[in-house]
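Working notes for the structure below.
Protein chains in written order, with my numbering: chain A, -9 to 188; chain B, 10 to 475.
Take a look at the structure:
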């Protein structure tokens, strides 16, 4: 299956919290696995469950609220700060999200997300508030994200903003290309570079 | 003319290729790996049938997921044992030097790199760990990466990276008694916030930084990631050169002279321009402690938890959630708050100078009966040095437990967890919810502040005790 990703139209899960760190996204005790699969079940583990028990969902946590669902997670500023664990991006993607929207992302998380075809969409603080307001008013609010056009739109109101992504990375997302493929093709150049430095 | 920053000088010599309207292909001199963020990367290589491109430039250790008691015995927990074994198997298979459990050089990856002389000025370092920024203290570019990127570096010794913006944070003046480099970095964090340097590479400068030892500088660069910085760095000087000289992997003889001459060129030119600059005065810095759930939520120890009226209305919900988690009230004084655990360790503060400071303070004193005190050295070499200097005896006499090297209670991945609801003064780097164990309450501070809390059983102003 191609990993390529372009247009995502979906309802959203609003997580109106700042500084969501990767320890919250996936606590360290779940990092003992040696594969990339299955982290979604422990996404936001300690915010989601009482007493570390999946049989006791916390009613006030958004992932446990049946009103909200969708492929787009919307969070307040500085999302993904802290530990470099890529398991955080794996967990979000594995849970079923394709897009995370915030007013800004921690650098390492952003790279990890892109490497997993989880699109980090950076919007202005104003636009972020517009999304939260729209979703609060109507939980069925849909967003339309286009990687190709670099736009994010609130379907009901038509309000729209464009987001940044460099040309190279956009090409990767649209075509399902990994950075490693690019780098592997450069091994001769890398070897020549090494010779210039010794 | 040149007008280059320290960052520019190192970055420019490591760019193999600049992709148009895209990132740079950046060459990585040394790659540190550990058991937690590498298995999936090795699996990726296997799936592609690839070797490790430059195995001699990779250094491995087991630190995150190892017990800190009875390291000579098989690891009890099955998943942890399997993960540590997987690292061992992968290193053997791909020809990578491993300083694993039982090895005289084993330890926290950001402690062993510098102490072995692997970390040197002017180089690029990565590791699947955000605190890789530590190595920037030597005047290098060092940053944490995810596992997909670990795979890329294993496969090609390169990464695709966009050049960050540049920030300089200067701290001038003289630190007061009982104030250390940990206080400097917690103070900066409290001023610029946990996201104040996101998107930037930060150079720390100024007379207060210059006056610090290498180990103290590492503490500051280590926590640059807590400001969101891509990396933190300090221009190398005589302090740096004399630290590196003579270490196991340091250059020798003519090579040393050649390297040293090059290292002496590593500084930001006088007219170099930064995208952002901050200036702080060392005299304004008190011993610091955090009250909240991100490292930017710190105050001077004589201060109080902010009043609601002092909080930006937009941040109110996050602030209230945070102090509720911590069991604190807005406006509350932090001095005198009871403490249950003291953790002295982590890649931030587990080096020999940290242990010496703690030992010098607690010598002849006793920990408070209600406090559990763990001291976890950063490496086998730190542990051996501590024993040689009699630090182990001093700590044991004071009721502290000296454990074996690893990341331990910094992230509670092994069994070293702080119980729910308990307060821990920790010399580590993160006070996130649940970081030290589900519902554990972390207060970040310097080793001296932690030692003082251990002895008195509460948050106290170490300046009154030294």
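We put the beta carbon where it would ideally sit given N, CA and C, even for glycine.
Remember, it's a predicted structure, so these values are computed and weren't measured experimentally.
Taking the CA atoms as reference points, residue 31 of chain B sits about 43 Å from residue 113 of chain B. Residues of chain B with a Cβ closer than 8 Å to the Cβ of residue 4 of chain A do not exist, since the nearest Cβ in that chain sits about 13 Å away. Think of a sphere of 9 Å around the beta carbon of residue 36 of chain B: the chain A residues whose beta carbon falls inside it are 180, 183, 184, 187, in chain order. A straight-line Cα-Cα distance of about 14 Å links residue 78 of chain B and residue 421 of chain B. For residue 26 of chain B, the nearest beta carbon of chain A is closer than 8 Å to its own beta carbon. In this structure, the straight-line span from the alpha carbon of residue 189 of chain B to that of residue 296 of chain B is close to 8 Å. When DSSP states are grouped into helix, strand and coil, residue 297 of chain B belongs to the strand group. At least one beta carbon of chain A lies nearer than 8 Å to the beta carbon of residue 203 of chain B. With its beta carbon less than 8 Å from one in chain B, residue 170 of chain A belongs to the interface. Here DSSP, grouped into helix, strand and coil, assigns residue 435 of chain B to strand. Within the same chain, Cβ atoms closer than 6 Å to the Cβ of residue 107 of chain B are found at 69, 100, the five residues on either side in sequence being excluded. Judged by beta-carbon spacing, residue 271 of chain B lies beyond the 8 Å limit of residue 223 of chain B, meaning their Cβ atoms are not closer than that value. Taking residue 109 of chain B as reference, the option from B:83, B:129, B:362, B:132 with the minimal CA-CA separation is B:83.
Straight-line spacing of the CA atoms in residue 140 of chain A and residue 104 of chain A works out to 14 Å. Between the region 177 to 187 of chain B and the region 283 to 290 of chain B, the count of Cβ pairs shorter than 8 Å is three or higher; the stretches touch.
Nearest to residue 346 of chain B by C-alpha distance, out of B:451, B:368, B:175, B:445, is B:451. For residue 158 of chain B, the nearest CB of chain A lies under 8 Å from its own CB, placing it at the interface with that chain. Within 9 Å of the CB of residue 456 of chain B, no CB atom of chain A is found; the nearest one sits about 22 Å away.
By alpha-carbon distance to residue 155 of chain B, the top candidate from A:88, A:21, A:150, A:127 is A:21.
Two segments are said to touch when three or more pairs of C-beta atoms, one from each, lie closer than 8 Å; by this definition the region 353 to 364 of chain B touches the region 431 to 441 of chain B.
Where residue 123 of chain B is concerned, the enclosing alpha helix (DSSP H) starts and stops at 118 to 124. Sequence-distant partners of residue 408 of chain B (beyond 5 residues in either direction) whose C-beta falls short of 7 Å from its own C-beta, in its chain, are 375, 376, 382.
Along the region 424 to 447 of chain B, going in chain order, the ones with a CB nearer than 7 Å to a CB of chain A are 439, 441, 442, 443, 444, 447.
Apart from the 5 residues on each side of it in sequence, residue 433 of chain B sits with its Cβ closer than 8 Å to the Cβ of 348, 349, 350, 351, 352, 418, 427, 445, 449, 450, 451, 452 in its chain, given in chain order. Residue pairing by DSSP leaves residue 181 of chain A without any beta bridge partner. Residue 239 of chain B has a beta carbon lying within less than 8 Å of a beta carbon in chain A.
According to DSSP, residue 242 of chain B shares a beta bridge with B:212. Contact between residue 388 of chain B and residue 116 of chain B holds, with the beta-carbon distance rounding to 2 Å and staying under 8 Å. Within the region 330 to 357 of chain B, not one residue has a Cβ closer than 7 Å to any Cβ of chain A. For a Cβ distance threshold of 8 Å, residue set 48, 49, 52, 91, 92, 95 of chain B lies close to residue 24 of chain A, ordered along the chain. Within its own chain, the residues whose Cβ lies closer than 8 Å to the Cβ of residue 59 of chain A, once the five positions on either side in sequence are excluded, are 1, 3, listed in chain order. When the beta-carbon positions are compared, residue 403 of chain B and residue 368 of chain B come within less than 8 Å of each other. In the DSSP assignment, residue 103 of chain B falls within the unbroken alpha helix (DSSP H) covering 87 to 103. Residue 302 of chain B and residue 32 of chain A have their C-alpha atoms spaced approximately 21 Å apart. With contacts defined by Cβ atoms closer than 8 Å, residue 466 of chain B and residue 379 of chain B form a contacting pair. Shown in chain order are the members of the region 134 to 163 of chain A whose Cβ falls below 8 Å from a Cβ of chain B: 156, 157, 158, 159.
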